Amino acid sequence: NAGVTQTPKFRVLKTGQSMTLLCAQDMNHEYMYWYRQDPGMGLRLIHYSVGEGTTAKGEVPDGYNVSRLKKQNFLLGLESAAPSQTSVYFCASSPNWGQVDSGANVLTFGAGSRLTVL
Amino acid sequence: AQSVAQPEDQVNVAEGNPLTVKCTYSVSGNPYLFWYVQYPNRGLQFLLKYITGDNLVKGSYGFEAEFNKSQTSFHLKKPSALVSDSALYFCAVRNYGGSQGNLIFGKGTKLSVKP
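Take a look at the structure:
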């Protein structure tokens, strides 16, 4: 059982280039999230999805786009990368928060994708 | 607006001693509170949560947390620290703003346990 898998693990971009981070989960979770982690800032939510075909903005959505075409996949895109987007990106998934079981409300995280924009 | 604060950037403890990592919160509804741990170069791992019920919540690896409504705190504790507990610890609270189902994280506290 792989859990949450992120690809790529590392990437270096030049300013203005575009790229897509892929997140895949095999737990049949309804909800998926993209966070970025920066030193001294903790984790900040970029975008999230509460179901296939739906997305919503988080705390820091500017400069990013997302898509959830399949339930198991959540893609994070950078159309024109900027040095301020240098960060470690984490994908997470969870069951529907309305579920009544011990696993509800718990996020499972991927191992992270380290992105450097020069 | 919901928020969570971890007042200490770093906590240093000797192995075998009790440890406490502090967290305070502000929410507009019933508090859903969580602790996650991050080991170097890894994703976050769930430790424990408080949704309702007993104020003392027990979690993974011998950790526990005490929910205190009057002080709006949810401190993480362990009776006897291990060197292997050294990691980055995050407190989180459910975000009631907008659509349901996401967390607001604190900035993290680095726990260092020395032999």
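Chains as they are written, first to last, in this note's numbering: chain L, 1 to 118; chain X, 1001 to 1115.
Every residue gets a Cβ at the ideal spot worked out from N, C-alpha and C, and that includes glycine.
This one's a predicted model, so the numbers in the text were calculated from it and none came from an experiment.
For residue i, the three-state DSSP class (helix, strand or coil)
{"i": "L:Ser18", "result": "coil"}
{"i": "X:Ser1112", "result": "strand"}
{"i": "X:Tyr1032", "result": "coil"}
{"i": "X:Phe1083", "result": "Note that residue 1083 of chain X is Val in the sequence shown, not Phe. If DSSP states are grouped into helix, strand and coil, X:Val1083 belongs with the helices."}
{"i": "X:Ser1060", "result": "helix"}
{"i": "X:Ile1104", "result": "strand"}
{"i": "L:Ala111", "result": "coil"}
{"i": "X:Gln1006", "result": "coil"}
{"i": "X:Val1027", "result": "coil"}
{"i": "X:Ala1065", "result": "strand"}
{"i": "X:Lys1077", "result": "strand"}
{"i": "L:Leu118", "result": "coil"}
{"i": "L:Gln6", "result": "strand"}
{"i": "L:Ser94", "result": "strand"}
{"i": "X:Thr1072", "result": "coil"}
{"i": "X:Asn1055", "result": "coil"}
According to DSSP, residues forming a beta bridge with residue i
{"i": "X:Arg1042", "result": "X:Arg1042 pairs with nothing; no bridge assigned."}
{"i": "X:Ala1001", "result": "Note: X:Ala1001 sits in no beta bridge, so no partner."}
{"i": "L:His29", "result": "DSSP output for L:His29 lists no bridge partner at all."}
{"i": "L:Val106", "result": "Bridge partners of L:Val106: none, in fact."}
{"i": "X:Thr1020", "result": "X:Lys1077"}
{"i": "X:Leu1048", "result": "X:Trp1035"}
Rounded distance between the beta-carbons of residue j and residue i, thought under 8 Å
{"i": "X:Gln1010", "j": "X:Ser1112", "result": "7 Å"}
{"i": "X:Lys1110", "j": "X:Ala1014", "result": "Contact doesn't hold; Cβ gap of about 16 Å is too wide."}
{"i": "X:Ala1092", "j": "X:Gly1106", "result": "7 Å"}
{"i": "L:Asn105", "j": "L:Ser113", "result": "Not quite, the Cβ-Cβ distance comes to about 24 Å (not below 8 Å), so this is no contact."}
{"i": "L:Leu107", "j": "X:Leu1103", "result": "7 Å"}
Practice prompt. Report the residue ranges of all beta strand (DSSP E) runs contained in full by the stretch 33-89 of chain L; include only those spanning at least 3 residues, in chain order.
Written response: 42-49, 64-67, 73-78, all fully within the stretch 33-89 of chain L.
Worksheet entry | chain L contacts from the stretch 1035-1050 of chain X (Cβ-Cβ distance under 9 Å) | Listed by position along the chain: Tyr1036, Gln1038, Asn1041, Arg1042, Gly1043, Leu1044, Gln1045, Phe1046, Lys1049.
Worksheet item: Of all the residues that make up the stretch 1006-1036 of chain X, which are near chain L by a beta-carbon distance shorter than 7 Å?
Response: Shown in chain order are the members of the stretch 1006-1036 of chain X whose Cβ falls below 7 Å from a Cβ of chain L: Tyr1032.
Worksheet item: What residues in the stretch 55-88 of chain L have a beta carbon less than 9 Å from any beta carbon of chain X?
Response: Cβ contacts with chain X come from Ala56, Lys57, Gly58, Glu59.
Fill in: Within 7 Å of chain X by C-beta, residues of the stretch 103-115 of chain L in sequence order
Answer set for the stretch 103-115 of chain L: Asn105, Val106, Leu107, Phe109, Gly110, Ala111, Gly112.
Practice prompt. Check each residue of the stretch 7-28 of chain L: if its Cβ is closer than 7 Å to any Cβ of chain X, include it; give the result in chain order.
Written response: Legend: CB atoms of the stretch 7-28 of chain L lying less than 7 Å from CB atoms of chain X are not found in any residue.
Discussion item. Can you pull out the residues from the stretch 33-48 of chain L whose beta carbon lies closer than 9 Å to at least one beta carbon of chain X?
Written reply: Listed in sequence order: Tyr33, Tyr35, Gln37, Gly40, Met41, Gly42, Leu43, Arg44, Leu45, Tyr48.
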